[in-house]
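Here is the structure we will look at, set down as structure tokens.
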Amino acid sequence: MANDDNSSRTLILNKLTENPRGMTIRQLVEATDLSRETVTRHLMALGYQNDVYTVKFGNVEVFCSNHRKVKDKDTVRVNCGNRTFFVNRLENEFGEFIKISETRKKGEKWETKGSILVPPESLKSFIHALKEIEERPTKIQKEQ
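Each residue of the sequence shown is one higher than the last, beginning at 334 in the working numbering.
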């Protein structure tokens with residue numbers, strides 16, 4: 334199944350690269366002969382990996398290949414039990430940003446489960462918010 338996943342994702346990325354203005358899910362289904370569910374699942378995974386991005390035009394969602402050159406300037410790995418997080422300082426033509434992603438090893442490959450981007454100039458505020466939420470009593474603690 335992993336090879337099928339990789340070939341399906343490659344097929345979807347190739348179609349998006351061939352269509353720089355982007356494609357809808359319906360267009361991708363027609364172009365790839367994959368089911369709507371399969372295309373949707375792979376687009377979600379590709380989005381988590383920042384290989385695709387979406388643009389909305391009214392209620393129409395168009396998916397585009399993220400062909401921008403991204404340079405990984407630094408990486409920190411954080412192990413939290415059975416979860417692994419990577420904190421990357423990345424740079425592209427628009428500037429630097431921090432990417433925090435939860436990643437799991439599946440066989441020999443790493444699979445991103447989710448990620449967020451934080452501009453470096455907002456990092457102190459982001460860390461402050463994390464500390465603040467950590468220090469707040471939980472609902473269970475309040476009831477005791």
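Where is the CB? At the ideal position from N, CA and C, for every residue including glycine.
Treat the numbers as computed from the prediction; the structure is a model and nothing was measured.
Check this for me: beta carbons of residue i and residue j, under 8 Å apart or not?
i: S458; j: S448; result: no
i: L423; j: V451; result: no
i: T350; j: H400; result: yes
i: T387; j: S341; result: no
Which residue from the options puts its Cα closest to that of residue i?
i: T408; options: V420, E351, H400; result: V420
i: K446; options: F427, P453, E429, T417; result: T417
i: E444; options: I460, Y381, R374; result: Y381
i: K438; options: N425, N412, E429; result: N412
i: N383; options: P470, S398, T357, A462; result: S398
i: G355; options: T471, P453, L376, A462; result: L376
i: F427; options: P453, T436, G414; result: P453
i: T343; options: A462, G414, V385; result: V385
i: N415; options: N425, T436, L361, E429; result: T436
Given residue i, which residues of its chain have a CB within under 8 Å of its CB, disregarding the five upstream and five downstream residues?
i: D389; result: Note that residue 389 is Lys in the sequence shown here, rather than Asp. Cβ within range, chain order: V395.
Ignore the nearest five residues each way along the sequence and tell me which others in residue i's own chain have a CB closer than 6 Å to its CB.
i: E467; result: none
i: M334; result: Because the pLDDT at M334 is just 42, under 50, the model does not fix this residue reliably, and the value given afterwards should be weighed accordingly. Counting only Cβ-Cβ distances below 6 Å, and skipping sequence neighbours, we find nothing.
Taking 7 Å as the limit between beta carbons, can you name the residues of its chain near residue i, skipping five residues before and five after?
i: L456; result: I431
i: L367; result: S341
i: T373; result: I358
So who's on the other strand from residue i, going by DSSP bridges?
i: L376; result: Note: L376 sits in no beta bridge, so no partner.
i: G447; result: E435
i: V388; result: V395
Write down the C-beta distance between residue i and residue j rounded to the nearest angstrom, noting that I regard them as a contact closer than 8 Å.
i: I358; j: L379; result: With 8 Å as the limit, I358 and L379 do not qualify as a contact, their Cβ atoms being about 12 Å apart.
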